[in-house]
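Numbering (the UniProt record's numbering) for the sequence shown: 1 to 492.
By construction, the Cβ of each residue, glycine as well, lies at the ideal position given by its N, Cα and C atoms.
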Amino acid sequence: MNIVFAISEVEDLVKTGGLADVGKALPIALKEAGHNVIIVMPYYQTIATQFEMAPEKLVSACPQQTLFTQSQVYHFDVKQLHWNDIDVYFIDYPDYFAREGLYSNGYDVYSDNGERFSFFSGAVLNALQAIGFQPDIIHCHDWHTAMLPFLLKYEHSGYFADTATVFTIHNAAFQGVHRLENIPFLRHHPGILSQVHGGYINMLQSGIEFANKITTVSPTYAQELLTNLGSHGLHDRLVSRQEDLVGILNGCDYTQWNPQHDHYLPENYSADSLHAKSASKLALQKLATFPEKQNIPLFGMVCRLTEQKGFGFLLPILNELMHHQIQMVIVGTGDPEVCMDLGEFAQQHPDKFEFINGFSTKHAHLVEAGADFFLMPSQFEPCGLNQMYSLAYGTVPIVRAVGGLKDTVVDVTQNKQTATGFVFDEPTPQALLGCIRRALLYFYEHPDEFKEMQIRGMHTRFTWQAAAKRYAELYEMVSKVDSDKKIDGDSE
1 MNIVFAISEV
11 EDLVKTGGLA
21 DVGKALPIAL
31 KEAGHNVIIV
41 MPYYQTIATQ
51 FEMAPEKLVS
61 ACPQQTLFTQ
71 SQVYHFDVKQ
81 LHWNDIDVYF
91 IDYPDYFARE
101 GLYSNGYDVY
111 SDNGERFSFF
121 SGAVLNALQA
131 IGFQPDIIHC
141 HDWHTAMLPF
151 LLKYEHSGYF
161 ADTATVFTIH
171 NAAFQGVHRL
181 ENIPFLRHHP
191 GILSQVHGGY
201 INMLQSGIEF
211 ANKITTVSPT
221 YAQELLTNLG
231 SHGLHDRLVS
241 RQEDLVGILN
251 GCDYTQWNPQ
261 HDHYLPENYS
271 ADSLHAKSAS
281 KLALQKLATF
291 PEKQNIPLFG
301 MVCRLTEQKG
311 FGFLLPILNE
321 LMHHQIQMVI
331 VGTGDPEVCM
341 DLGEFAQQHP
351 DKFEFINGFS
361 TKHAHLVEAG
371 ADFFLMPSQF
381 EPCGLNQMYS
391 LAYGTVPIVR
401 AVGGLKDTVV
411 DVTQNKQTAT
421 GFVFDEPTPQ
431 ALLGCIRRAL
441 LYFYEHPDEF
451 KEMQIRGMHT
461 RFTWQAAAKR
471 YAELYEMVSK
481 VDSDKKIDGD
491 SE
């Protein structure tokens, strides 16, 4: 099949979060499976900077393109890069994308993000015609490309008459809500008023309404999206499309996350040489200036410092945790208040608690390898990747039973023979505390079973090849839908 990925970030080219991991790994897996895949994304300043020293890698894909609206004319270029055996096309419109950051300047989100990414969605359709690529599927990702199914239905109907759209929700908390008056690209569109409520457009909602199929990044998160709490207010809209909603678990890139070949570690190891993991624990204890003792359980956490990641559960129990013989290292950046609380706590407990304010790939890999337990007590977690990394490194995850965490970690009370971690349900500090104490007891009282759990996790695999197979089956199904059964814009 001819498949287009319309996406706002791709790992190795530009990345702010897990969306970029999918933007790289899934197209590559689909290409390896024999499909004809291209990627279309914005030409950000950070990408342009990468190629300043090697401009020959980029070529002009077609003559300059023009998009017209009643209020503005857009002249843009389309650049082409051959990358990992995939053609990547960049929408080059400096007024919108030649900026310091992708979505913000580091402090404030760009006030014209609604306009920027609405234009991008339209430019994708224009560029596909210009380069002569006629897709069977356009796979859109998150609110940044959510208006593309809407535009496809109202415009370009001839060229894209046999094209279906798949829209993936990576995190329903981010919905792209913008005032119509701030979006010149859409302001005079003949069908846009149906998407306006109180002067605002919810772009995620439009993607849900107009895409042929909707996917999200784990089966459990798909079920959570059908609840008012889990959908962040889009419950009714998603329930109305639940027959078209599919949860497909993300994969893990084991070429980057494999303790046998990880060059960030002081000593490589595998399930057959788990004793060598102790070198990473020692290195992490040295980094944190902790007492260097193998028999003290070490807890790690690497994440954005936000309420979503469960700090509302963790912060209230830190004092109680310090009564136990444990060590804890948290790496991340985000909410200033959380940073301040963690920093102050680290000063009060220098032998047991370390907070590294910031992010580095080296620290992330060292925590995954050096910790005995990895904490992910999330309020919600559409898929999650760190629990997959932890399993691969023999680091036992402690997670809340939400989203992809529930789909990937088996609690010891569920099935002792297949257990890979510790799971709690209730969204409370006491539930997290109880789960951590269960894990501590297991570590101290059942060392042989704990080692078996580590090895079992290291043999667990969540591959992008499996995810690509599921997506290909979905693409095949939706591309065969008769045109009169496709969403026609009048179904609401």
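Quiz item: Taking the alpha-carbon positions, what's the R304 to G334 distance?
Solution: Position 304 of the sequence shown, counting from 1, holds the residue named residue 304. Position 334 of the sequence shown, counting from 1, holds the residue named residue 334. Taking the straight line joining both Cα atoms gives about 6 Å.
Quiz item: Whose C-beta lies closer than 6 Å to the C-beta of A29 among residues of the same chain, with five residues either side of it excluded?
Solution: Within the sequence shown, the letter at position 29 stands for residue 29. Once the five neighbours on either side are set aside, the close Cβ partners of A29 are W464, Q465 and A468.
Quiz item: In the DSSP assignment, what residue or residues form a beta bridge with G247?
Solution: Counted from its first residue, the sequence shown places residue 247 at position 247. G247 pairs with T216.
Self-check item: L19 - DSSP class collapsed to helix/strand/coil
Solution: Translated into the one-based positions of the sequence shown, residue 19 becomes position 19. Correct three-state label for L19: helix.
Quiz item: Using the beta-carbon count (16 or more within 10 Å), is V402 buried or exposed?
Solution: Walking along the sequence shown from the start, residue 402 turns up at place 402. It counts as buried.
Self-check item: Run of the beta strand (DSSP E) containing T408, from where it starts to where it stops
Solution: To locate residue 408, count along the sequence shown from 1; it is residue 408. Counting along the chain, T408 falls outside any beta strand (DSSP E), though it belongs to the alpha helix (DSSP H) covering G403 to T408.
Exercise. Note down the Cα distance separating S218 from G247, rounded to an integer number of angstroms.
Key: The residue labelled residue 218 in the question sits at position 218 within the sequence shown. The residue labelled residue 247 in the question sits at position 247 within the sequence shown. When rounded, the distance between both Cα atoms is 5 Å.
Practice problem: Identify which residue in Y159, V331, G457 and G132 has its Cα closest to the Cα of K362. | Solution: Translated into the one-based positions of the sequence shown, residue 362 becomes position 362. Selected option, being the one with the closest Cα: V331.
Practice problem: For E209, count neighbouring C-beta atoms within 10 Å of its own C-beta (all shown protein chains included) and say buried if the count is 16 or more, exposed if not. | Solution: Here residue 209 refers to the residue found at position 209 of the sequence shown. Flag for E209 reads buried.
Self-check item: Cα-Cα separation, M477 to Y221
Solution: For the purposes of this step, residue 477 is taken as residue 477 along the sequence shown, with counting starting at 1. For the purposes of this step, residue 221 is taken as residue 221 along the sequence shown, with counting starting at 1. So the two alpha carbons sit approximately 22 Å from each other.
Self-check item: Status (buried if at least 16 other CB within 10 Å, exposed otherwise) for V423
Solution: Along the sequence shown, one-based indexing puts residue 423 at 423. Buried: at least 16 other Cβ atoms inside 10 Å.
Quiz prompt | CB contact flag (A127, Q65, <9 Å) | solution = Translated into the one-based positions of the sequence shown, residue 127 becomes position 127. Translated into the one-based positions of the sequence shown, residue 65 becomes position 65. Yes, Cβ-Cβ distance for A127 and Q65 is below 9 Å.
Practice problem: Determine, using beta carbons only, whether Q205 and R237 come nearer to each other than 9 Å. | Solution: The residue labelled residue 205 in the question sits at position 205 within the sequence shown. The residue labelled residue 237 in the question sits at position 237 within the sequence shown. In this structure, R237 lies closer than 9 Å to Q205 by Cβ.
Quiz item: What are the boundary residues of the beta strand (DSSP E) that includes Q45?
Solution: As a first step, residue 45 must be located in the sequence shown, where it is residue number 45. Q45 -> not in any beta strand (DSSP E); alpha helix (DSSP H) instead, spanning Q45 to Q50.
Exercise. Mind reading off the beta-carbon distance from K213 to L474? Whole number of angstroms is fine, and I expect it under 8 Å.
Key: For this step, residue 213 is matched to residue 213 along the sequence shown. For this step, residue 474 is matched to residue 474 along the sequence shown. That pair is a contact at about 6 Å.
Self-check item: Boundaries of the alpha helix (DSSP H) in which V338 is found, first to last residue
Solution: Reading the sequence shown from its first residue, position 338 is the one you call residue 338. Per DSSP, V338 belongs to the alpha helix (DSSP H) from P336 to Q348.
Quiz item: For N36, does the three-state DSSP call read helix, strand or coil?
Solution: For the purposes of this step, residue 36 is identified with residue 36 of the sequence shown, where counting begins at 1. Three-state result, N36: strand.
Self-check item: Sequence ranges, alpha helix (DSSP H) only - wholly within the stretch 270-343, length at least 4
Solution: 277-287, 311-314 and 318-321
Self-check item: Alpha-carbon to alpha-carbon, S60 and F380
Solution: Working through the sequence shown from its first residue, we reach residue 380 at position 380. Working through the sequence shown from its first residue, we reach residue 60 at position 60. Between F380 and S60, the C-alpha separation is close to 42 Å.
Quiz item: For the alpha helix (DSSP H) that H363 lies in, which residues bound it at each end?
Solution: Walking along the sequence shown from the start, residue 363 turns up at place 363. Per DSSP, H363 belongs to the alpha helix (DSSP H) from T361 to G370.
Exercise. Taking K57 as the reference, give the member of K406, Y103 and W83 with the closest Cα.
Key: Looking up residue 57 in the sequence shown gives position 57. Out of K406, Y103 and W83, W83 has the C-alpha closest to the C-alpha of K57.
Self-check item: 8 Å contact criterion, which P190 and Y154 should meet: CB distance rounded
Solution: Position 190 of the sequence shown, counted from the start, is the residue given in the question as residue 190. Position 154 of the sequence shown, counted from the start, is the residue given in the question as residue 154. Indeed they touch by this definition, with Cβ atoms about 7 Å apart.
Exercise. From the DSSP output, read off the bridge partner residues of D77.
Key: The residue labelled residue 77 in the question sits at position 77 within the sequence shown. Paired residue(s): D92.
Quiz item: Can the beta-carbon of G457 be found closer than 9 Å to that of G421?
Solution: The residue you call residue 457 lines up with position 457 of the sequence shown. The residue you call residue 421 lines up with position 421 of the sequence shown. In this structure, G421 lies closer than 9 Å to G457 by Cβ.
Quiz item: What number of angstroms, rounded off, separates the C-alpha of R37 from the C-alpha of P382?
Solution: Taking the sequence shown and counting its residues from 1, the one referred to as residue 37 is at position 37. Taking the sequence shown and counting its residues from 1, the one referred to as residue 382 is at position 382. Here residue 37 turns out to be Val, not Arg, going by the sequence shown. Computed Cα separation, rounded: 25 Å.
Quiz item: Would you call the stretch 110-129 and the stretch 142-150 in contact, with 3 or more CB pairs under 8 Å?
Solution: yes
Quiz item: Measuring CB to CB, does L249 end up less than 9 Å from G404?
Solution: On the sequence shown, position 249 is the one that residue 249 refers to. On the sequence shown, position 404 is the one that residue 404 refers to. Yes.
Quiz item: How is the alpha helix (DSSP H) around Q65 delimited, first residue to last?
Solution: As a working mapping, residue 65 is identified with position 65 in the sequence shown. Looking at the DSSP string, Q65 is not in any alpha helix (DSSP H); the run it does join, the beta strand (DSSP E), is Q65 to F68.
Quiz item: If you run the structure through DSSP and keep just helix, strand and coil, what is P397?
Solution: Start at 1 with the first residue of the sequence shown, and residue 397 comes out as number 397. If DSSP states are grouped into helix, strand and coil, P397 belongs with the strands.
Self-check item: Contact under 9 Å by Cβ, D92 with I39
Solution: If you number the sequence shown from 1, residue 92 lands on position 92. If you number the sequence shown from 1, residue 39 lands on position 39. Not closer than 9 Å, so no.
Quiz item: Among residues of its own chain, excluding the 5 on either side of A98, which ones have a beta-carbon nearer than 6 Å to its beta-carbon?
Solution: Taking the sequence shown and counting its residues from 1, one reaches residue 98 at position 98. Once the five neighbours on either side are set aside, the close Cβ partners of A98 are Q45.
Quiz item: For L193, is the classification buried or exposed, using 16 other Cβ atoms within 10 angstroms of its Cβ as the cut-off for buried?
Solution: Taking the sequence shown and counting its residues from 1, one reaches residue 193 at position 193. Burial call: exposed.
Quiz item: Going by DSSP, what residues sit across from A6 in a beta bridge?
Solution: For the purposes of this step, residue 6 is taken as the residue at position 6 of the sequence shown. DSSP, once it has assigned bridges, lists V40 and C140 as partnering A6.
Practice problem: List in chain order: all unbroken beta strand (DSSP E) runs of 3+ residues lying wholly within the stretch 102-190. | Solution: 137-141, 164-169 and 177-179
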